[in-house]
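Colleague: Residue numbers (our numbering): 11 to 124. What follows is a structure written as structure tokens; I'll ask about it next.
Shown next, in the form of structure tokens:
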């Protein structure tokens, strides 16, 4: 069993939100903190966006450019403000990520919702 430990330069806290935009199906979900790992989805929940961001880090992608671009385009088209953390009438969620190295030295993570 691997023990979580503090690994410098890896994000430990992620925040996101979802809200009712009046769409017929689903609604927007946004991962907004840390900003360089921002993401948008109409399908995935916020926890899944966190897991995808962490997996991108493990895969060496660092920031998830595709996700960043998706959110940036959506923000522009819908005239959304980037201050998602201040959005009222939204369900805000915070997740903490525990990073670890397994017995083979491979980096992994555990996501915990607060």
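Note that the Cβ used here is the ideal one computed from N, Cα and C, for glycine as well.
#1: Is residue 109 helix, strand or coil when you go by DSSP?
#2: Would you give the residue range spanned by the beta strand (DSSP E) that residue 40 belongs to?
#3: Classify residue 68: buried if its beta carbon has 16 or more other beta carbons within 10 angstroms, exposed otherwise.
#4: Do you know how far the Cα of residue 110 is from the Cα of residue 120?
#5: Distance check for residue 41 and residue 122, CA to CA, integer angstroms please.
#6: Note down the Cα distance separating residue 83 from residue 115, rounded to an integer number of angstroms.
#7: Would the stretch 16 to 36 count as touching the stretch 53 to 63 if we require 3 or more Cβ pairs under 8 Å?
#8: With 9 Å as the threshold, decide whether the Cβ of residue 71 is near any Cβ in chain D.
Modeller: Result, derived from the coordinates:
#1: On the chain shown, residue 109 is found 99 positions in, with the first residue counted as 1. In the structure shown, residue 109 sits in a strand (DSSP, three-state: E or B).
#2: Numbered from its first residue, the chain shown carries residue 40 at position 30. Residue 40 -> beta strand (DSSP E) spans 39 to 43.
#3: Locating residue 68 in the chain shown gives position 58, counting from the first residue. Its Cβ having fewer than 16 others within 10 Å, residue 68 is exposed.
#4: Within the chain shown, the letter at position 110 stands for residue 120. Within the chain shown, the letter at position 100 stands for residue 110. Spanning the two alpha carbons is a distance of roughly 8 Å.
#5: Walking along the chain shown from the start, residue 122 turns up at place 112. Walking along the chain shown from the start, residue 41 turns up at place 31. Distance between the alpha carbons of residue 122 and residue 41 is about 15 Å.
#6: Here residue 83 is taken as the residue at index 73 of the chain shown, counted from 1. Here residue 115 is taken as the residue at index 105 of the chain shown, counted from 1. Just so you know, the alpha carbons of residue 83 and residue 115 end up roughly 38 Å apart.
#7: These segments touch.
#8: No chain D appears in the structure shown, which is made up of a single protein chain.
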